[in-house]
Structure formats: C-alpha cells, structure tokens
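> One structure, as structure tokens, below. Some questions next.
Numbering (this note's numbering), first residue to last: 16 to 426.
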C-alpha cells in the first residue's frame with residue numbers, strides 16, 4: 016500500500032509530462048511506439064522507483080485504434096513506519112521495503128458517428144498487491160466537433176496480500192468505482208476549455224499495512240490488570256511496571272481506516288495557443304473532497320515553447336494543498352487496542368500522507384523532433400512536501416527528484 020501511494024505521485028507527474036510535453040500536432044491516431052525510463056529518487060535514502068514503460072498505438076481500420084502498454088518498475092528504500100521520533104531524536108523511524116511491479120493495459124478506440132468508445136482492461140501485480148481494472152469511456156461530439164461530452168466509468172478489483180515487514184496478517188480486498196462526466200469546449204481556434212466531474216466510491220481494506228500507530232495509553236495498565244495488581248502493589252509501582260522504557264522501540268498497532276470512502280473531484284483546464292510567441296499556456300485547477308475529511312486543492316500551470324523548428328521546451332509548476340483526515344494524528348494519547356479497547360477510537364492512522372500538508376512540483380521537459388517519425392524527450396522535476404499541522408515531525412515528509420528520458424517512433 017505504501018508503494019501504491021508513492022506510485023500515485025509518480026503516475027501523476029508522469030502523466031502530466033506525457034500530456035503536456037509531447038507534440039499535439041497529430042490529430043488522428045497513427046501507428047507508433049513509445050518507450051520511457053523514469054527515475055524517482057527521494058532524499059536521505061528514502062524511496063527510489065525506477066520505471067520502464069513501453070506503449071504502442073495502431074490503427075487497425077479507419078474506425079478502430081488499438082493501444083497497449085507494459086510497465087516494469089522496481090521500488091526500494093526506506094519508508095516511515097508511522098511512529099514519531101524516539102525520545103531525544105528528531106528523525107522518524109523507517110522500515111526498508113523492496114519490490115518489483117509488472118503492469119500493463121490493453122485498450123481500444125472505436126469511432127462510430129458522433130461517438131468514440133474506448134474500453135480498457137488493466138492489470139498490475141507486485142508481491143503484496145494485485146489489481147485488475149476495467150473502464151469504458153465515451154466521447155460524444157456536437158456543434159461541428161467544437162463541443163465534446165465525455166462520459167466514463169471504471170472499476171478496480173484490488174487484492175492486498177500479507178508480506179514480511181507489514182502488519183497485515185490475512186488477505187484483504189478493495190473495490191474502487193469511478194464515474195466521470197465532462198465537457199471539452201473549443202472557445203476559439205486557439206482556445207480550449209475542459210471541465211470534468213468525477214464521483215468515486217471505494218470499499219474494503221484501505222489501510223497501509225506498512226504503517227503503524229502509537230498509543231501512549233498502551234503504556235498503562237488495563238482496568239483488569241490494575242484491579243489484580245492493586246491487591247499487592249502500590250499504584251506507583253504498577254505505573255512504573257507498564258511505563259515506556261527509554262530506548263525500547265515503540266509498540267505499534269495496525270492502522271484502522273474506514274472501509275468505505277466517497278470522493279468528489281472537479282477539474283477545470285484552459286489551454287491557449289499564442290501565435291506571436293509560438294507557444295501555448297495551460298492552467299488547471301482541481302478540487303478534491305472525500306468522506307475521510309480531506310479537502311484538497313491543486314493549481315498547475317505549464318508553458319510549451321517551440322524553439323526553432325525541432326525543439327519544444329516546457330517548464331511547469333504544480334501546487335497542492337490538503338487538509339488532514341478526520342482520524343489522523345502523529346500519535347494518540349488515549350486508547351490502545353490491547354490495553355484499553357473501550358477508549359480506542361474506531362478509526363486511526365499516523366500516515367503522514369493523511370496529514371495537513373502542501374507539496375510543490377516544478378521542472379522542465381524538452382522534446383526534440385529528430386524527424387517527422389522520431390521524437391526524443393528528456394525531463395526533470397522536483398517534488399517537495401511539507402507538513403502544516405505543527406505536530407507531525409518534519410522528517411516524515413520527503414523531497415524527490417524525478418528524471419525521465421523517452422523516445423517516440425511513428426511507423
């Protein structure tokens with residue numbers, strides 16, 4: 016699960032690069048193959064992900080296009096356990112993880128009248144996680160193709176498997192369903208507006224098996240223990256017997272997140288081409304809300320600049336901010352699933368990614384049109400994250416550099 020969340024960052028950045036930096040001159044699909052290598056490296060020996068991806072697209076007949084992709088990536092490094100820093104220390108505890116993921120999808124695009132139907136099947140597998148995804152998208156053209164209505168539905172069948180180093184002991188499952196409705200409007204010959212609304216529902220296991228939670232109350236006797244030991248020990252001796260011993264590792268308990276989550280996502284995007292500058296600007300705003308209590312805002316901007324006859328340079332900036340989940344805390348004073356279950360909240364997590372935080376992503380990407388049928392691209396992005404609650408240790412948050420290189424060939 017920690018790996019799934021980290022990869023979301025990589026996927027978001029990678030898709031952003033793909034959508035904003037590769038040439039958009041070719042309106043109709045053409046037979047092509049893409050290869051991309053990406054290296055996501057966090058500072059201070061934290062997580063590193065190296066990804067190889069291969070994508071193809073082929074016109075089978077004028078009305079039907081086939082797409083597919085294969086992804087192979089390796090993840091290694093250290094990730095926070097969920098425990099706060101030990102006494103007299105300023106770094107959170109981490110645990111080492113290592114895994115390989117193999118994934119892919121196959122999709123079609125069938126054009127019939129005003130409709131373009133796009134079904135897709137996806138699969139992803141790693142040692143502790145498997146996922147099968149099904150989706151269907153329909154684009155409907157109106158107004159001489161100046162207006163396009165977008166409709167989509169997807170469902171993921173996920174399975175979480177116990178693994179060494181996790182707090183999960185039995186296999187779990189998770190189902191995720193999303194509905195999308197949106198519109199793309201050509202406001203002028205060089206201006207495009209897009210607006211989407213996505214509604215989602217997830218049920219099943221949503222905790223991270225690599226994350227634990229510290230209850231301070233765990234280091235105190237239960238009512239039964241207090242009653243029994245009080246017959247022949249003083250209260251001070253009983254407290255001393257259960258008190259935390261400095262230097263010992265914290266006792267962590269598995270997360271308990273809700274098993275149902277609803278979410279709403281709104282996106283507005285505006286793209287404007289500027290003739291005199293031979294470039295285009297794109298600005299996006301995204302709002303996210305879920306039943307965990309998280310509200311998030313994302314602002315992003317990019318400029319695609321044509322340089323000479325064969326270079327496209329694309330600087331970009333993305334700002335993200337979110338509130339904390341209602342059940343998040345870096346540590347919990349009351350309760351303990353073992354010692355004081357009656358005082359333990361129903362849901363709890365110390366995963367810093369559920370805290371009140373901001374992140375900033377910035378970078379630059381370049382595409383070289385070697386020929387009409389061969390494009391090379393290279394990019395660098397910087398990802399920075401920091402907390403806002405004043406309680407979560409700053410050492411929990413990580414910064415990362417993302418470097419990518421790719422090639423696209425048309426046939």
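Even glycine gets a Cβ: it sits at the ideal position worked out from N, Cα and C.
Here's the rule I'm using: 16 or more other beta-carbon atoms within 10 Å means buried, otherwise exposed. How should residue 353 be labelled?
exposed
> In angstroms with no decimal places, state the Cα-to-Cα distance between residue 420 and residue 72.
19 Å
> Grab the span of the alpha helix (DSSP H) containing residue 54 for me, first residue to last.
Where residue 54 is concerned, there is no enclosing alpha helix (DSSP H), although the beta strand (DSSP E) it sits in stretches over 47 to 57.
> Is residue 227 buried or exposed, if buried means 16 or more other CB atoms sit within 10 Å of its CB?
buried
> Thinking just about the alpha-carbon of each residue, which of 133, 202, 159 is nearest to the one in residue 168?
Distance check between residue 168 and each of 133, 202, 159 places 133 closest, using alpha-carbon atoms only.
> Of the residues 334, 335, 359, which one's Cα is nearest the Cα of residue 346?
If we check each option's Cα against that of residue 346, 359 comes out closest.
> Three or more beta-carbon pairs under 8 Å between the segment 381 to 398 and the segment 269 to 281, yes or no?
no
> Are the beta-carbon atoms of residue 364 and residue 275 separated by less than 9 Å?
Their beta carbons are not under 9 Å apart, which means residue 364 does not touch residue 275 by this criterion.
> Cα separation between residue 54 and residue 327?
22 Å
> I'd like to know whether the C-beta atoms of residue 355 and residue 232 end up nearer to each other than 9 Å.
By the CB criterion at 9 Å, residue 355 and residue 232 fall inside the cutoff.
> Can you check DSSP and say which residues form a bridge with residue 163?
156, 199
> Take the Cβ of residue 261 as the centre, count every other Cβ of all protein chains shown within 10 Å, and call the residue buried at 16 or more, exposed below.
Exposed.
> Spell out whether any CB of chain D is found under 9 Å from the CB atom of residue 87.
Absent here is chain D; the protein component of the structure consists of one chain.
> When you compare only the Cα positions, how much space is there between residue 192 and residue 149?
10 Å
> Taking all protein chains shown into account, decide if residue 415 is buried (16 or more other Cβ within 10 angstroms of its Cβ) or exposed.
buried
> Of the residues 190, 402, 237, which one's Cα is nearest the Cα of residue 171?
190
> Quick one: residues in its chain with C-beta nearer than 8 Å to the C-beta of residue 37, no 5 flanking neighbours on either side, listed in chain order?
Any reading at residue 37 must be qualified, since the residue scores a pLDDT of 37, below 50, and its modelled position is unreliable; no value is offered.
> I'd like the list of long-range same chain contacts for residue 61, defined as Cβ closer than 6 Å, with 5 residues on each side in sequence excluded.
92, 93, 413
> Let me know the beta strand (DSSP E) ranges lying completely inside the segment 65 to 112, each 3 residues or longer, listed in chain order.
79 to 95
> Pick helix, strand or coil for residue 409, following the three-state DSSP scheme.
helix
> What separation, rounded to the nearest whole angstrom, lies between the Cα atoms of residue 143 and residue 182?
The straight-line gap from Cα to Cα measures roughly 12 Å.
> Hey, quick one: how far does the alpha helix (DSSP H) through residue 231 stretch, first residue to last?
No alpha helix (DSSP H) contains residue 231, which DSSP labels as neither H nor E.
> Quick check on residue 400: does DSSP put it in helix, strand or coil?
strand
> Is residue 309 helix, strand or coil when you go by DSSP?
coil
> Give me the Cβ distance between residue 336 and residue 373, rounded to the nearest whole Å; I'm assuming they're in contact under 8 Å.
5 Å
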